[in-house]
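Residue numbers (this note's numbering): 21 to 384.
Cβ coordinates follow ideal geometry from the N, Cα and C atoms, glycine included.
Computed from a predicted model, the values in this text were never measured in an experiment.
One structure is given below, encoded as structure tokens.
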């Protein structure tokens with residue numbers, strides 16, 4: 021009788037409905053419709069047991085009760101009609117981006133089969149591809165919305181995306197403030213209207229989407245304020261404009277039959293500003309390298325960081341800044357305190373509200 025190898029000796033007894041095939045556990049499930057065999061893609065007995073139990077439950081439901089499996093693509097189509105009435109347009113846009121990223125992982129899968137293992141595999145592959153935890157969390161938020169919708173329809177049970185989202189910490193990338201000279205270098209190479217939009221972001225701290233969809237009718241000459249109707253989280257707010265910011269916004273030419281402050285091509289908003297800005301910065305970097313001019317690339321969102329730090333260094337209140345930036349919690353705004361001295365931090369936190377952090381910066 022052949023002697024067992026060390027690997028065979030160490031191998032555990034397979035769970036019920038499982039058997040070993042090489043170093044991998046396989047399932048063997050017999051039901052009325054016939055025998056089903058498939059790889060469980062693991063050598064861990066506990067994982068194999070969970071997977072075979074889930075699949076057996078699904079197969080019995082299909083065979084005995086005629087349960088219908090709804091594929092991911094089918095559910096997403098139904099969900100897309102539902103979600104537009106539940107969240108703001110920017111959230112819908114972000115969800116759709118995430119759902120498209122999730123498509124390669126789940127497109128041929130029944131919605132009821134998406135469990136912890138499948139989600140863990142997706143997260144691992146997205147992370148290996150260089151995606152940040154923040155991006156993956158946004159994808160999980162969209163996935164959670166789809167799974168919750170499917171559960172409400174009776175097409176699945178549970179929402180494992182929620183628990184994965186809670187366990188996945190969101191590490192913030194360190195803030196790297198752009199050099200003023202580098203911002204000017206980029207603006208000088210931008211088309212006129214786009215350059216004005218970039219400078220407005222630098223002078224207001226508003227988010228990219230908030231400025232792209234800022235409307236002229238919400239610009240108040242009497243109070244020098246701008247109402248941001250497309251703010252993040254569907255939370256519109258009004259911001260005060262400093263002298264330089266006001267001059268930039270007020271100077272933008274109006275377009276016939278177009279409400280936007282910043283526009284191009286006869287009144288169209290900058291729908292592709294993210295890619296246009298990235299292309300502009302890369303071009304500026306190439307020019308700087310050829311000319312041996314110091315230049316460090318920066319993101320559009322870094323202009324918001326630059327505004328916030330500059331505001332506090334000029335004596336602004338952390339609480340005024342929180343409201344101006346639209347943060348729901350001052351804890352978020354406090355990330356900028358690390359750029360201040362101890363005395364500046366005390367000053368920023370010491371008063372409930374202070375005006376006087378006004379600045380003058382060239383708009384040319």
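Residues sharing a beta bridge with residue i, DSSP
i, result
"residue 284", "288"
"residue 91", "130"
"residue 275", "278"
Proximity below 9 Å, CB of residue i to CB of residue j
i, j, result
"residue 146", "residue 159", "yes"
"residue 217", "residue 231", "yes"
"residue 309", "residue 229", "no"
"residue 68", "residue 47", "yes"
"residue 112", "residue 166", "no"
"residue 91", "residue 128", "yes"
"residue 6", "residue 156", "A query on residue 6 cannot be resolved here, the shown segment of the chain reaching from 21 to 384 and no further."
"residue 220", "residue 293", "no"
"residue 115", "residue 76", "no"
"residue 254", "residue 107", "yes"
"residue 345", "residue 332", "no"
"residue 335", "residue 368", "yes"
"residue 174", "residue 74", "no"
"residue 151", "residue 257", "no"
"residue 323", "residue 222", "yes"
Backbone CA spacing between residue i and residue j [nearest angstrom]
i, j, result
"residue 171", "residue 51", "26 Å"
"residue 226", "residue 249", "12 Å"
"residue 281", "residue 316", "29 Å"
"residue 349", "residue 43", "51 Å"
"residue 277", "residue 237", "12 Å"
"residue 272", "residue 355", "33 Å"
"residue 57", "residue 89", "19 Å"
"residue 328", "residue 337", "10 Å"
"residue 122", "residue 163", "8 Å"
"residue 210", "residue 300", "7 Å"
"residue 199", "residue 213", "22 Å"
"residue 326", "residue 104", "34 Å"
"residue 59", "residue 78", "16 Å"
"residue 49", "residue 41", "15 Å"
"residue 194", "residue 246", "30 Å"
"residue 285", "residue 352", "37 Å"
"residue 188", "residue 153", "7 Å"
"residue 118", "residue 363", "43 Å"
"residue 370", "residue 330", "17 Å"
"residue 307", "residue 314", "10 Å"
"residue 80", "residue 176", "15 Å"
"residue 319", "residue 161", "24 Å"
"residue 235", "residue 72", "56 Å"
"residue 62", "residue 31", "13 Å"
"residue 296", "residue 360", "33 Å"
"residue 125", "residue 283", "38 Å"
"residue 252", "residue 347", "9 Å"
"residue 287", "residue 260", "25 Å"
"residue 45", "residue 169", "33 Å"
"residue 33", "residue 180", "29 Å"
Chain D within 9 Å of residue i, Cβ atoms only
i, result
"residue 162", "Absent from the structure: chain D. Only one protein chain is present."
In the segment 112-183, which residue ranges form an unbroken alpha helix (DSSP H) of at least 4 residues, counting only runs that do not cross its ends? The qualifying runs are 136-148, 153-172.
Does the segment 137-146 come close enough to the segment 170-188 that 3 or more CB-CB pairs lie under 8 Å?
Taking one beta carbon from each stretch, the segment 170-188 and the segment 137-146 have 3 or more pairs nearer than 8 Å; the two touch.
* So does the segment 260-270 actually touch the segment 196-206, counting three or more Cβ pairs closer than 8 Å? -> Contact between the segment 260-270 and the segment 196-206 is absent, because fewer than three Cβ pairs lie under 8 Å.
**Prompt:** Considering only residues of the segment 213-265, which uninterrupted beta strand (DSSP E) runs meet the minimum length of 3 residues and lie entirely inside it, listed in chain order?
**Reply:** Entirely contained in the segment 213-265, the beta strand (DSSP E) runs reaching 3 residues are, in chain order, 245-248, 257-260.
| request: Identify every run of the beta strand (DSSP E) within the segment 39-64, keeping only runs that are complete inside it and at least 3 residues long; order them along the chain. | output: Under the rule that a run must span 3 or more residues, the beta strand (DSSP E) segments found entirely inside the segment 39-64 read 44-51, 54-59.
Fully enclosed by the segment 282-358, which beta strand (DSSP E) runs are 3 residues long or longer? Entirely contained in the segment 282-358, not one beta strand (DSSP E) run reaches 3 residues.
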